[in-house]
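Q: Residue numbers (UniProt numbering): 1 to 227.
Using N, Cα and C, we set each Cβ at its ideal position, and we do this for glycine too.
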């Protein structure tokens with residue numbers, strides 16, 4: 001039987017390795033990173049007494065945290081040396097933990113520190129964009145990742161990169177089929193909403209502050225992007 005005490009102990013083991021993270025729920029460890037929430041989900045594998053560690057990124061710029069935390073922009077499982085997901089039996093956690101941590105440090109550790117290099121975050125986003133099968137099949141996932149990159153550069157004030165990302169958005173959106181995009185929401189509608197946020201950035205910053213001040217998010221530690 002997998003007890004809550006065992007799950008808590010495992011979560012604490014992960015937290016000890018990544019102390020910048022804070023407990024958000026019984027299965028998640030998160031930290032705010034300027035315009036987003038990043039961290040780890042220890043997902044129980046359906047029908048199994050195993051858990052799967054997953055790196056996640058959520059936005060903080062939407063109208064409220066119900067929208068922000070509805071679905072992650074990045075949902076990247078930690079992979080082993082064979083490029084397979086770590087599905088760790090709860091009762092054998094100690095047998096696999098050391099190797100899993102080594103892989104997690106290599107793959108996402110740079111994004112779970114008090115200061116996160118923008119270059120490293122972009123490397124992770126670009127790799128996820130290029131290599132994740134679901135992202136490749138889903139224009140909405142691609143749009144979310146491009147929007148994240150755009151807002152990161154707007155937040156840090158890199159206007160040259162903003163132009164480059166806008167160009168990437170225009171190129172990518174030409175390949176998106178309407179039937180696979182948001183219901184009743186065209187690619188042009190989406191691009192216009194993104195451009196509106198760029199033009200009205202003060203309003204985005206107000207939303208960020210409001211969402212960061214939300215009680216449950218406010219309890220998290222704060223990391224920052226550095227350029």
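From 109, 64, 98 and 51, pick the residue whose C-alpha is nearest to that of residue 85; which is it?
A: Of 109, 64, 98 and 51, the residue nearest in Cα terms is 51.
Q: I'd like the span of the alpha helix (DSSP H) that includes residue 223, first residue to last.
A: Residue 223 -> not in any alpha helix (DSSP H); beta strand (DSSP E) instead, spanning 222-226.
Q: Shortest alpha-carbon distance to residue 81 belongs to which of 69, 106 and 65?
A: That would be 106, whose Cα lies nearest to the Cα of residue 81.
Q: Going straight from the alpha carbon of residue 110 to that of residue 62, what length do you get?
A: So the two alpha carbons sit approximately 25 Å from each other.
Q: Quick one: measure Cβ to Cβ for residue 156 and residue 118, integer angstroms, because I've assumed they're closer than 8 Å.
A: The pair is a contact, with the Cβ atoms about 6 Å apart (cut-off 8 Å).
Q: Count the other CB atoms, across all protein chains shown, that sit within 10 Å of the CB of residue 218; report buried if there are 16 or more and exposed otherwise.
A: Classification of residue 218: exposed, given that the 10 Å Cβ count is below 16.
Q: Exposed or buried, what is residue 144 when buried is set at 16 or more other beta-carbons lying within 10 Å of its beta-carbon?
A: Per the 10 Å Cβ criterion, buried.
Q: Jot down the residue ranges of each uninterrupted beta strand (DSSP E) in the stretch 94-120, minimum 3 residues, whole runs only, in chain order.
A: 115-117, all fully within the stretch 94-120.
Q: Report yes if the C-beta distance between residue 135 and residue 55 is below 8 Å; otherwise report no.
A: Not a contact, by the Cβ cut-off of 8 Å.
Q: Buried or exposed, going by whether 16 or more other CB atoms sit within 10 Å of the CB of residue 38?
A: With 16 or more other Cβ atoms within 10 Å, it is buried.
Q: Which same chain residues end up closer than 6 Å to residue 141 when comparing Cβ atoms and leaving out the 5 residues on each side of it in sequence?
A: Result list for residue 141: 135, in chain order.
Q: Going straight from the alpha carbon of residue 22 to that of residue 221, what length do you get?
A: Whole-angstrom Cα-Cα distance: 7 Å.
Q: Closest by CA to residue 128, which one among 72, 66 and 212?
A: Answer by Cα proximity: 72.
Q: How would you call residue 215, buried or exposed, if buried means at least 16 neighbouring beta carbons within 10 angstroms?
A: So residue 215 ends up on the exposed side.
Q: Strictly under 8 Å for the Cβ-Cβ distance: is residue 14 near chain C by that measure?
A: Among the protein chains of the structure shown there is no chain C, as only one such chain exists.
Q: When you compare only the Cα positions, how much space is there between residue 207 and residue 121?
A: Using only the alpha carbons, I get a separation of about 22 Å.
Q: Skipping 5 residues on each side, what residues in its chain have a beta carbon closer than 7 Å to that of residue 201?
A: So the list reads 154, once near-sequence residues are dropped.
Q: For residue 113, which residues from the same chain have a beta carbon less than 7 Å from its beta carbon, with the 5 sequence-adjacent residues on both sides left out?
A: Cβ within range, chain order: 20 and 223.
Q: By a C-beta neighbour count over all protein chains shown, 10 Å radius and 16 as the cutoff for buried, is residue 57 buried or exposed?
A: So residue 57 counts as buried.
Q: Should residue 45 go down as buried or exposed, given a rule of 16 or more other Cβ atoms within 10 Å for buried?
A: Exposed.
Q: Near residue 101, which residues of its chain fall below 7 Å by C-beta distance, leaving aside the five closest residues on each side in sequence?
A: If we look at residue 101 and ignore the five residues flanking it on each side, its Cβ neighbours are 17.
Q: Is the beta carbon of residue 93 sitting closer than 8 Å to the one on residue 10?
A: Their beta carbons are under 8 Å apart, which means residue 93 touches residue 10 by this criterion.
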